[in-house]
Amino acid sequence: MEINTDTQLCGVLGHPVKHSLSPAIHNAAFQHLGLNYVYLAFPVEDVPHALDGIRALGNLRGFSVTIPHKVSVMTHLDTIEPTARHIGAVNTIVKSDNTLSGYNTDASGALLALQHAGVDLAGKHVVIIGSGGAARAIAFGLALETPAGRLTILGIEEEERQTLARNLREGTTLAIEDRMLDADTLEPALDQAQVLIHCTPVGMDPHIDQTCVPQQFFHPDLTVMDIVYNPLDTRLLKEAQNAGCPTIRGLEMFLHQAVAQFELWTGQPAPVPVMRQVLESHFS
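The numbering of the sequence shown is our numbering, which starts it at 45 and goes up by one.
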């Protein structure tokens, strides 16, 4: 596709962004559909002035927002969709005329990953390990957009975990409990659970020998999802598979949050197989 005066610009705002896979994913999708769009990575430290520039320039359509700006960007947007407001973080901006709207596709990306794996969350007991930004997005996605029956949050950051649990109780009707993450809380929680979602960096490359869950705590009726996507098959997932658990790679959440972004910007169905191939090729 030739870049011209009608080309729509998308990109990622963060610091650093050199490692981002988003340009490869989105540009492959634009090219596959023959859309006159291009996606670039923008290292940004000054968020207010960056957004002033986005407002001032034509042909800018939307942006991904990554670390460390997912929270600070919110005060500079015109509208924020309800799930993102509950989460307290935005990872996607859509520009329409001169209006900037914020979304959080981490939540929908996780839910789509579960849905595409055939997981029915209705009435299920879900355990989330971790209480940071990703855990917060997924927890609110479960609470606001699915009929999951019960959610247990296990984490080592006490204030962060308790704040998340309190916010969920105040903003949703989902049954919530939170506990310190240790063997005494993890084993009984998993024994009663049908879904485990791991939301910490433990097991990420280069620390691929680490895991939060002893293998003996897994059981075949537990679906295990790890949001870590490098490596594709973490120790957590391998040991869950060995115990007979259905598993979902972190790549699936990463893929589906990008799919949701693409569709917000273009209004067209994303070419999911093309985007998946880019990711799988990179990590293989």
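No residue lacks a Cβ here, since even glycine has one placed at the ideal position from N, Cα and C. On a predicted model such as this, the values are computed, not experimentally measured, just so you know.
Would you call residue i buried or exposed, if buried means 16 or more other Cβ atoms sit within 10 Å of its Cβ?
{"i": "residue 111", "result": "exposed"}
{"i": "residue 124", "result": "buried"}
{"i": "residue 218", "result": "buried"}
{"i": "residue 291", "result": "buried"}
{"i": "residue 222", "result": "buried"}
{"i": "residue 238", "result": "buried"}
{"i": "residue 328", "result": "exposed"}
{"i": "residue 267", "result": "buried"}
{"i": "residue 242", "result": "buried"}
{"i": "residue 249", "result": "exposed"}
{"i": "residue 122", "result": "exposed"}
{"i": "residue 116", "result": "exposed"}
{"i": "residue 319", "result": "buried"}
{"i": "residue 245", "result": "exposed"}
Residue range of the beta strand (DSSP E) that residue i falls in?
{"i": "residue 207", "result": "Run containing residue 207: none in the beta strand (DSSP E); it sits in the alpha helix (DSSP H), 202-215."}
{"i": "residue 58", "result": "52-58"}
{"i": "residue 282", "result": "Careful: residue 282 lies outside any beta strand (DSSP E), inside the alpha helix (DSSP H) at 279-286."}
{"i": "residue 270", "result": "267-270"}
{"i": "residue 140", "result": "136-140"}
{"i": "residue 84", "result": "81-87"}
So who's on the other strand from residue i, going by DSSP bridges?
{"i": "residue 221", "result": "196"}
{"i": "residue 240", "result": "171 and 268"}
If we ignore side chains and look at the alpha-carbon of each, how far apart do residue i and residue j end up?
{"i": "residue 211", "j": "residue 132", "result": "10 Å"}
{"i": "residue 304", "j": "residue 154", "result": "11 Å"}
{"i": "residue 139", "j": "residue 308", "result": "10 Å"}
{"i": "residue 86", "j": "residue 174", "result": "29 Å"}
{"i": "residue 259", "j": "residue 322", "result": "32 Å"}
{"i": "residue 120", "j": "residue 127", "result": "17 Å"}
{"i": "residue 311", "j": "residue 106", "result": "12 Å"}
{"i": "residue 167", "j": "residue 240", "result": "14 Å"}
{"i": "residue 284", "j": "residue 261", "result": "9 Å"}
{"i": "residue 72", "j": "residue 135", "result": "20 Å"}
Between which two residues does the alpha helix (DSSP H) harbouring residue i extend?
{"i": "residue 109", "result": "No alpha helix (DSSP H) holds residue 109; the beta strand (DSSP E) holding it covers 104-109."}
{"i": "residue 308", "result": "294-310"}
{"i": "residue 97", "result": "91-100"}
At least 3 beta-carbon pairs within less than 8 Å: the stretch 87-96 vs the stretch 145-159: Segments in contact, no.
Using 8 Å as the cut-off, can you tell me whether the stretch 172-186 makes contact with the stretch 198-213, which would need three or more C-beta pairs spanning the two stretches below that distance? yes
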